[in-house]
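Numbering (the working numbering), first residue to last: 12 to 263.
Okay, here's the thing in structure tokens:
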């Protein structure tokens, strides 16, 4: 699938538990070698260690690889322009890059108009410091408000086989050709249905839950988090699973 000029495999890597240790630096390098092209992090993850680890592992960030980060999480006031500006500068420094491929507003600030938060992100985009912009944990109304300020390239909401309250946002992004990046894609309990379909495909339940997401919408790009290269390769192999109509309905 495409994000601007980037051609991306449909499963990425979440890094909300990534700390700055030698083993994790090696893991990030191995993840890219294994085919990962979307690495998702945030200014707030592990106190900044996630971004710093990625920056150290990928120096420079390989051509065609998207490192997406986020700012503006942590409560009321965190979406103020001056706060976001400081976080963007720190993310650029930690990642060791002059330009962030994809930058999300992590949370809509209840005390700051969404438009004001996005305006400062757009300033960085206009200066070439950010290439594409996304928003996270949002409704359709908020997506449409954001699109009046800038081009929304991606939406990141919680979505998985068990948690589907954002079905309307998935369908909206599909129609509008906006990348939908579900976080916590494996935090689901598919029960016997998942086990049954997994047996038929000689796959793991995790792979089936990811395959269901990929079948759910062509806009979908899950970012399961892991620190295990074995689990990472298992996740990537889910892209090769073709669920039948019967499988999809069983899971649905």
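C-beta: ideal position from N, C-alpha, C; glycine also. None of the values given here were measured: they were computed from a predicted structure.
Buried or exposed by the 16-neighbour rule on C-beta atoms within 10 Å, applied to residue i
{"i": "residue 227", "result": "buried"}
{"i": "residue 167", "result": "buried"}
{"i": "residue 258", "result": "buried"}
{"i": "residue 165", "result": "buried"}
{"i": "residue 70", "result": "exposed"}
{"i": "residue 37", "result": "exposed"}
{"i": "residue 98", "result": "buried"}
{"i": "residue 74", "result": "exposed"}
{"i": "residue 201", "result": "buried"}
{"i": "residue 18", "result": "exposed"}
Segment limits, alpha helix (DSSP H) that includes residue i
{"i": "residue 142", "result": "From DSSP, residue 142 is part of no alpha helix (DSSP H) but of the beta strand (DSSP E) over 141-147."}
{"i": "residue 137", "result": "125-137"}
{"i": "residue 211", "result": "202-212"}
{"i": "residue 88", "result": "Here residue 88 belongs to no alpha helix (DSSP H), and DSSP marks it neither H nor E."}
{"i": "residue 179", "result": "178-187"}
{"i": "residue 44", "result": "33-44"}
{"i": "residue 199", "result": "Unbroken run through residue 199: none, as it is neither H nor E."}
{"i": "residue 1", "result": "In the structure as shown, the chain starts at 12 and stops at 263, and residue 1 therefore has no counterpart that could be examined."}
Residue i, DSSP secondary structure in three states
{"i": "residue 80", "result": "strand"}
{"i": "residue 163", "result": "strand"}
{"i": "residue 18", "result": "strand"}
{"i": "residue 253", "result": "coil"}
{"i": "residue 236", "result": "strand"}
{"i": "residue 56", "result": "helix"}
{"i": "residue 231", "result": "strand"}
{"i": "residue 25", "result": "strand"}
{"i": "residue 172", "result": "coil"}
{"i": "residue 224", "result": "helix"}
{"i": "residue 190", "result": "strand"}
Element boundaries [beta strand (DSSP E), containing residue i]
{"i": "residue 112", "result": "111-116"}
{"i": "residue 51", "result": "49-51"}
Integer-rounded CB distance, given that residue j should sit under 8 Å from residue i
{"i": "residue 190", "j": "residue 235", "result": "Not quite, the Cβ-Cβ distance comes to about 16 Å (not below 8 Å), so this is no contact."}
{"i": "residue 128", "j": "residue 137", "result": "Actually they do not touch by this definition, with Cβ atoms about 16 Å apart."}
{"i": "residue 92", "j": "residue 131", "result": "4 Å"}
{"i": "residue 78", "j": "residue 106", "result": "6 Å"}
{"i": "residue 193", "j": "residue 205", "result": "Not confirmed; about 16 Å, so no contact."}
{"i": "residue 188", "j": "residue 157", "result": "Not quite, the Cβ-Cβ distance comes to about 15 Å (not below 8 Å), so this is no contact."}
I'd like to know if the region 103-114 and the region 137-144 are in contact, where contact means that at least 3 CB-CB pairs between them fall below 8 Å. Contact between the region 103-114 and the region 137-144 is present, because at least three Cβ pairs lie under 8 Å.
Answer yes if the region 44-53 comes into contact with the region 229-247, meaning at least three C-beta pairs across the two stretches below 8 Å, and no otherwise. Counting Cβ pairs under 8 Å, three or more are found: they touch.
If you pair each beta-carbon of the region 75-83 with each one of the region 49-61, do three or more pairs fall below 8 Å? They touch, by the three-pair rule.
Is the region 169-184 touching the region 211-230, taking contact as three or more C-beta pairs under 8 Å? When C-beta atoms of the region 169-184 are compared with those of the region 211-230, three or more pairs fall below 8 Å, so the two segments count as touching.
Counting Cβ pairs closer than 8 Å, one from the region 56-66 and one from the region 31-42, do we hit at least three? With the cut-off at 8 Å, the region 56-66 and the region 31-42 touch.
Using 8 Å as the threshold, is the region 144-153 in touch with the region 114-134, meaning 3 or more CB pairs across them? Because the criterion of three Cβ pairs below 8 Å is met, the region 144-153 and the region 114-134 touch.
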